[in-house]
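K.L.:
Heads up: the sequence shown runs through residues 20 to 339, numbered per the numbering used here.
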Amino acid sequence: MIKVSHVSKSFSHGKNAVNDLSFEVQPGETLVLLGTSGCGKTTTLRMINRLLVPDQGEIFIQGKSVNNETPETLRRNIGYVLQNTGLFPHYTVLENISVVPQLLQWDKARIRSRALALMEKLRLSPFSYAHVYPQQLSGGQQQRVGLARALAADPPILLMDEPFGALDPLTRISVRKEFKLLDELNSKTIILVTHDVEEAFELGSRICIMNEGRIQQMGTAAELLFKPANDFVRHFLDKQRLELELKSLRLRDIWPYLDGAGSMNGILLSADTNCWDTLENLTQDKASSTFRGEEKHLDGNTLMNAITAYKKTVSQHGDA
Ligand SMILES: Nc1ncnc2c1ncn2[C@@H]1O[C@H](COP(=O)(O)OP(=O)(O)OP(=O)(O)O)[C@@H](O)[C@H]1O
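Quick look at the structure:
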């Protein structure tokens, strides 16, 4: 577990890069730090990893202040993934993945078998890639090696700074999908930095929107979209709002507003299907859904009317 408590940091020019920041992240959770360039995201990660020391406040990992941790303990507990991967160019893929276990003085056989197992998991064939150098790999492959290196010593915490930032849009989407499905990550405490709104909503259990070193709002996708704390948050999400709303609302969320009693027709969608996927399905076939024993027929109009009614209720009453 990570706890950041009233942390501030300024650099030589005086203005606070991070200003009275407080949050907690639990195991199994991915907190995304999202914000404009220069809002203090990277500075926050670097303080958690003790690459920078806060001017004020304190950071705790599993209840212990990072100020009192040795570099070995931090390395064992924290995997760090960078945008440009930070791979050592003169080390092979296998050597790069083995760096932290070696520093922790694991025996050679254990290091090798862990590194090879991670390569398999991340879909990098050990036969083809174990002994090549980073510059012989594509961007997506380098990113996977960077992730394997961060995971090598099985740290309970993962800090990721724009991990998919250097990839082209298509590779980015596919590497992101693979990342989401990795069972290695299930129980980890993850903080991921990005300025990509879509990425934040896809990967974050909670999202922390920052501006000028301060938290503007921290919450789930639905909270940020439907109960924005201020104009900054509202405007920050405006460009992608419709898509984000459709992706974050599931049929079960808008169920009371769905006016479509009817017979089972076409495909049957689970009530956990989001509205975006529902619309996509509706372009191809008729559809219905069941929730708590009730069945409803779906079509585009019914769906959009239900979303509008849901939003109206949330904006008036704060809850649907
Ligand atoms: N080592 C440093 N020396 C001086 N100023 C710094 C240093 N590191 C960061 N800053 C300043 O602190 C502020 C926050 O920077 P930070 O890198 O944390 O932002 P960020 O949100 O990660 O931005 P980006 O998305 O562009 O990477 C910026 O104004 C930046 O110029």
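The beta-carbon is built from N, C-alpha and C at its ideal position, and this holds for glycine as well.
1) Taking only the alpha-carbon atoms, compute the straight-line gap between aspartate 74 and glutamine 236 and give it to the nearest angstrom.
2) Find out if the Cβ-Cβ distance for the pair valine 119, arginine 94 is shorter than 7 Å.
3) Is any non-hydrogen atom of ligand 1 found closer than 6 Å to the C-beta of cysteine 58, if you look at the structure I gave you?
4) With C-beta atoms as the reference, is leucine 277 less than 7 Å away from alanine 325?
5) Does the beta carbon of alanine 36 fall short of 6 Å from some heavy atom of ligand 1?
6) How about phenylalanine 30: is its Cβ closer than 6 Å to a heavy atom in ligand 1?
7) Could you name the residues that DSSP lists as bridge partners for threonine 62?
8) Just list the beta strand (DSSP E) runs in the segment 186 to 224, keeping only unbroken ones of 3 residues or longer that don't cross its boundaries, in chain order.
9) Within 10 angstroms of its Cβ, does glutamate 91 collect 16 or more other Cβ (buried), or is it exposed?
10) Along the chain, where does the beta strand (DSSP E) containing asparagine 38 start, and where does it finish?
11) In the DSSP assignment, the beta strand (DSSP E) including glycine 76 goes from what residue to what residue?
12) Measure how close the beta-carbons of arginine 269 and asparagine 293 come, nearest whole angstrom, since I'm counting them as under 8 Å.
13) Over what stretch of residues does the alpha helix (DSSP H) that includes methionine 138 continue unbroken?
14) Evaluate contact between the segment 125 to 140 and the segment 79 to 90, counting only Cβ atoms and requiring at least three cross-stretch pairs below 8 Å.
15) Just confirm the distance between the C-beta atoms of valine 85 and threonine 213, as a whole number of angstroms; I'd bet it's less than 8 Å.
16) Using 7 Å as the threshold, is the C-beta distance between methionine 229 and glycine 54 below it?
17) With DSSP as the reference, label aspartate 180 as helix, strand or coil.
18) Is the segment 147 to 154 touching the segment 31 to 46, taking contact as three or more C-beta pairs under 8 Å?
19) With DSSP as the reference, label tyrosine 276 as helix, strand or coil.
20) Relative to ligand 1, is the shortest distance from any of its heavy atoms to the C-beta of isoleucine 62 smaller than 6 Å?
21) Given a cut-off of 7 Å on the beta-carbon distance, is the pair threonine 104 and glutamine 160 in contact?
22) Name the DSSP bridge partner or partners of leucine 52?
23) Measuring CA to CA, which of Thr111, Lys127, Val164 is closest to leucine 137?
24) To which residues does DSSP link histidine 109 through a beta bridge?
25) Please report the distance separating the alpha-carbon of leucine 200 from that of arginine 65.
26) Taking the Cβ atom as the reference point for each residue, do alanine 240 and phenylalanine 220 lie within a distance shorter than 7 Å?
27) Cβ of leucine 243 within 7 Å of Cβ of asparagine 68?
28) With DSSP as the reference, please indicate the residues paired to glutamine 236 in a beta bridge.
29) Considering only DSSP beta bridges, list what alanine 306 is partnered with.
P.N.:
Let me lay it out:
1) So the alpha carbons of these two residues sit roughly 23 Å apart.
2) In this structure, arginine 94 lies closer than 7 Å to valine 119 by Cβ.
3) Cysteine 58 Cβ: within cutoff of ligand 1.
4) In this structure, alanine 325 lies closer than 7 Å to leucine 277 by Cβ.
5) Yes, ligand 1 has a heavy atom inside 6 Å of this Cβ.
6) In this structure, ligand 1 has a non-hydrogen atom nearer than 6 Å to the beta-carbon of phenylalanine 30.
7) Among the bridge pairs identified by DSSP, threonine 62 is matched with none.
8) You should have 208 to 213.
9) So glutamate 91 ends up on the exposed side.
10) Residue range 35 to 44 is occupied by the beta strand (DSSP E) that includes asparagine 38.
11) From DSSP, the beta strand (DSSP E) with glycine 76 extends over 75 to 80.
12) Confirmed, Cβ separation roughly 5 Å.
13) Per DSSP, methionine 138 belongs to the alpha helix (DSSP H) from 127 to 140.
14) No, the segment 125 to 140 is not in contact with the segment 79 to 90.
15) With 8 Å as the limit, valine 85 and threonine 213 do not qualify as a contact, their Cβ atoms being about 23 Å apart.
16) Yes, Cβ-Cβ distance for methionine 229 and glycine 54 is below 7 Å.
17) The three-state secondary structure of aspartate 180, taken from DSSP, is strand.
18) Of all C-beta pairs linking the segment 147 to 154 to the segment 31 to 46, fewer than three are shorter than 8 Å, placing the two stretches out of contact.
19) It is helical.
20) For the sequence presented, residue 62 should be read as threonine rather than isoleucine. Threonine 62 Cβ: within cutoff of ligand 1.
21) The answer is no: Cβ separation not under 7 Å.
22) Answer is Val212, Cys227, bridged to leucine 52.
23) Of the candidates Thr111, Lys127, Val164, the one whose C-alpha sits nearest the C-alpha of leucine 137 is Val164.
24) None, per the DSSP bridge assignment.
25) Taking the straight line from one Cα to the other gives about 26 Å.
26) Contact flag set, yes.
27) No, the Cβ-Cβ distance between leucine 243 and asparagine 68 is not below 7 Å.
28) Partner(s): Ile228.
29) DSSP lists Ile286, Leu317 as partners of alanine 306.
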